[in-house]
Structure formats: structure tokens, C-alpha cells
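With the numbering used here, the residue at position 1 of the sequence shown is 1, and numbering never jumps.
One structure is given here, and the rest of the page talks about it.
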Amino acid sequence: MAPINFAGLTGLKKNEILAGYTTFNIGGPADWFYEAKTEEEVLGAVALARQNNLPWFTLGGGSNLLVADEGFRGLVIAMRNTQYVIRDTKIIADAGVSLAKIVDLVTQNLLSGLEFAAGIPGTIGGAVRGNAGAWRQSVGDKVLRVKVADDHGRITWLDQRDCRFAYRDSRFKKTGEIILAVELGLAKGNQVDIKNRIAENLAQRRCQPKQPSAGCVFKNSPPVSTGALIDQVGLKGKKIGGAQISPQHANFIVNLGQAKANDVIELIQVIKAEVKQRLGVALEEEICLLGFGTIKK
């Protein structure tokens with residue numbers, strides 16, 4: 001095998017444990033790990049990975065991710081590009097800006113429309129990719145344009161309609177395009193009203209599990225929530241190893257402290273089998289799996 005050449009990637013780390021970069025606090029090492037602070041660094045790292053025929057993965061906030069116990073045989077590029085600009089009722093933000101930061105910024109600038117996103121972890125890039133949302137609203141609803149790079153490094157801006165947003169889905173889950181920046185369109189609002197709506201949403205989120213998790217494991221299956229379906233088949237609270245189906249919210253699998261990725265995978269398999277067999281509902285994962293043979297999204 002030819003030696004890998006990563007000349008130019010300052011701060012490149014080898015065999016970096018990924019658990020600490022995820023909200024699940026689970027996962028083994030990446031062969032290579034690089035924190036890209038600019039768009040140019042992101043594209044440069046991807047180009048070098050391709051030149052070396054090395055699998056690569058862009059990591060945002062790690063809030064919707066389960067990493068295999070064996071880790072990832074390739075290069076993980078942590079998105080640390082965090083520039084932003086606000087113009088009237090629009091905000092343009094690099095993919096690495098946290099969603100929490102954006103909610104704070106738009107609130108300070110009296111912009112309404114993202115109150116539902118208060119308390120959602122992760123970056124704006126990840127939120128757009130997965131069309132994150134709550135209370136029947138989604139980030140994709142507020143997107144005007146998304147700046148992406150394709151497999152050849154060509155950069156373009158996509159309009160909202162071209163992003164093909166759907167429930168917890170977008171084109172980016174299928175195309176492999178790298179989200180570099182996002183433009184959101186909001187509306188002028190009253191700061192008191194905005195803060196009150198944020199406070200209400202955060203209060204509801206306090207009922208969610210406090211232990212490390214990746215949020216909701218499965219997409220909802222209307223008209224009944226997936227958490228209710230899992231509860232209905234009697235799995236709430238079930239444990240395998242150090243992982244548990246949360247007694248608070250059955251669509252959360254939590255890390256009790258020493259959980260392995262395989263514990264979580266086994267619980268996912270049990271849930272899917274029981275709900276399918278007893279209720280006839282085929283559940284679909286919302287979380288992303290990294291390092292399980294291939295990247296699964």
C-alpha cells in the first residue's frame with residue numbers, strides 16, 4: 001500500500017478517539033482526524049483524501065451520530081468553519097456554526113422563525129443535511145440557499161427547492177455533496193415574543209433524557225409517535241450492556257456510562273423487530289452510523 005501523503009494539513013491527528021466528538025460519547029478511533037477552520041481547509045482535506053484513495057467523513061456537532069466501537073478507517077474532517085454575516089432578515093453562516101449560536105444571533109437581531117430550533121444540538125450544516133426540526137417545523141423551511149461542493153470540488157449555491165427537503169431528509173443524504181454554508185430567511189419580530197417562545201420550547205425539552213444520546217433514534221411514523229409505539233410493545237427501559245431505551249422517552253437510546261456501539265445496535269434491532277412483528281410498522285433510523293463496514297446515513 002502506498003504511503004499516505006497529507007502534506008499541508010497542519011494539526012492532523014492520528015488514531016483520534018471519536019467518542020468525545022459525539023453527544024453519544026461512544027465510538028473508537030479515526031485513523032486520521034483533522035479540524036478544518038476554513039472552507040479552503042475543508043476542500044483541501046477532501047482533495048487529499050481522494051488523492052490517497054482514503055474514505056472520508058465530514059463531522060459537525062456529532063449530535064446525530066453513532067460511531068462503531070472499531071472506529072473509522074479513514075479521515076474524519078471536523079467542520080470548524082464558523083464565520084457568519086447577518087443582512088437585514090437573512091443570515092449566511094458557515095456549516096460549522098452551531099445551531100445554538102445561530103438561534104442566539106437571530107434573537108439578538110430581533111429575527112423570528114427559528115424559535116423551534118432552540119435546544120437542538122449540532123451545527124447548521126448538519127441541521128440542513130438532516131432537515132432537523134421540532135414542533136412540526138424544520139430548518140429546511142427557513143433555507144433560502146445552500147452552498148455546496150460536489151465530488152470534483154466544484155462549488156455552487158442551491159436554491160431551497162433544489163435541496164429536496166422532506167421529513168428529516170434532504171438531497172445531501174444521497175448525493176454526498178459537502179455543505180459549506182447556508183443562507184436562511186427569517187422575519188422581523190418582537191424580542192419579548194421571540195424569547196418567550198424560546199423559553200417555552202426549552203421548557204418542553206427539559207423533559208427529554210439527560211444522559212448522553214443521539215436524540216431520537218427513529219423517524220416518527222404518524223399518526224402515532226415512534227416513542228409511543230416503542231412504549232406500546234413494552235420496551236421502554238430495556239437495557240443491553242451499557243445502553244438503555246430511555247424510561248423518559250422511548251425513542252431515545254441513552255448511554256448509561258460504559259455503553260458500546262454494539263449495545264446500541266442490538267437495541268435498535270430489538271426495537272425494529274418487535275415493532276414490526278407486533279404492530280406491523282417498519283421503523284426507519286434517523287441517526288447516522290459511521291464505521292460499520294461502510295458509512296450508513
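Just so it is clear, CB atoms sit at the ideal spot from N, CA and C, and this is done for glycine as well.
Start-to-end residues for the beta strand (DSSP E) that takes in residue i
i, result
"Thr156", "Ile155 to Asp159"
"Phe252", "Phe252 to Asn255"
"Arg73", "Phe72 to Met79"
"Val182", "Ile178 to Gly185"
"Gly291", "Cys288 to Phe292"
"Ala243", "Ala243 to Ile245"
"Val67", "Leu65 to Val67"
"Gly215", "Ser213 to Cys216"
"Ala36", "Pro29 to Ala36"
"Phe57", "Trp56 to Leu59"
Residue i versus residue j - alpha carbon distance
i, j, result
"Gly74", "Ala47", "13 angstroms"
"Arg154", "Leu290", "25 angstroms"
"Ile295", "Asp263", "With a pLDDT of 45 at Ile295, under the threshold of 50, the predicted position of this residue should be treated as unreliable, though the coordinate-derived value follows. If you take the alpha carbons of Ile295 and Asp263, they lie about 18 angstroms apart."
"Cys163", "Gly227", "28 angstroms"
"Gln83", "Val42", "14 angstroms"
"Ile4", "Lys13", "13 angstroms"
"Gln248", "Gln137", "23 angstroms"
"Ile240", "Asp169", "29 angstroms"
"Gly133", "His152", "31 angstroms"
"Ala7", "Thr89", "42 angstroms"
"Ile17", "Asp193", "43 angstroms"
"Leu66", "Thr22", "8 angstroms"
"Lys174", "Asn131", "13 angstroms"
"Cys126", "Leu99", "Position check: residue 126 holds Gly in this sequence, whereas Cys was assumed. For Gly126 and Leu99, the distance between alpha carbons rounds to 9 angstroms."
"Pro55", "Leu110", "42 angstroms"
"Gln140", "Thr10", "Checking the displayed sequence, the identity of residue 140 turns out to be Gly instead of Gln. Going by the C-alpha atoms only, they are around 34 angstroms apart."
"Trp157", "Leu114", "22 angstroms"
"Arg206", "Trp135", "15 angstroms"
"Arg278", "Val233", "7 angstroms"
"Gly20", "Ala273", "30 angstroms"
"Arg171", "Gln211", "31 angstroms"
"Val85", "Gly237", "44 angstroms"
"Val146", "Ser112", "20 angstroms"
"Phe165", "Gln208", "26 angstroms"
"Ala93", "Tyr34", "21 angstroms"
"Gly293", "Lys101", "34 angstroms"
"Val128", "Val97", "12 angstroms"
Limits of the unbroken alpha helix (DSSP H) element including residue i
i, result
"Val42", "Glu39 to Gln51"
"Glu16", "Careful: Glu16 lies outside any alpha helix (DSSP H), inside the beta strand (DSSP E) at Lys13 to Ile17."
"Glu200", "Gln191 to Arg205"
"Val270", "Ala261 to Leu279"
"Thr175", "Phe172 to Thr175"
"Ile230", "Thr226 to Gln232"
Cβ pair residue i, residue j closer than 8 angstroms
i, j, result
"Ile77", "Ala36", "yes"
"Ile245", "Leu267", "yes"
"Val148", "Leu184", "no"
"Gly71", "Gly27", "yes"
"Val182", "Ala95", "yes"
"Asn81", "Gly215", "no"
"Val270", "Leu283", "no"
"Phe24", "Asn196", "no"
"Ala261", "Ala68", "yes"
"Ile230", "Ala250", "yes"
"Met79", "Thr107", "no"
"Asp159", "Glu177", "no"
Residue i CB to nearest heavy atom of the ligand ATP below 7 angstroms
i, result
"Asn255", "With respect to the ligand ATP, the structure shown offers nothing to examine, as it has no ligands at all."
Check your understanding: Looking at C-beta atoms only, is the number of pairs between the region 214-224 and the region 174-190 that lie closer than 8 angstroms three or more?
Key -> no
Point to revise | Complete runs of the alpha helix (DSSP H) confined to the region 86-157 [at least 4 residues] | key: 99-108 and 124-129
Practice item. Kindly confirm or deny that the region 197-209 and the region 116-125 touch, where touching means at least three C-beta pairs closer than 8 angstroms. Key: yes
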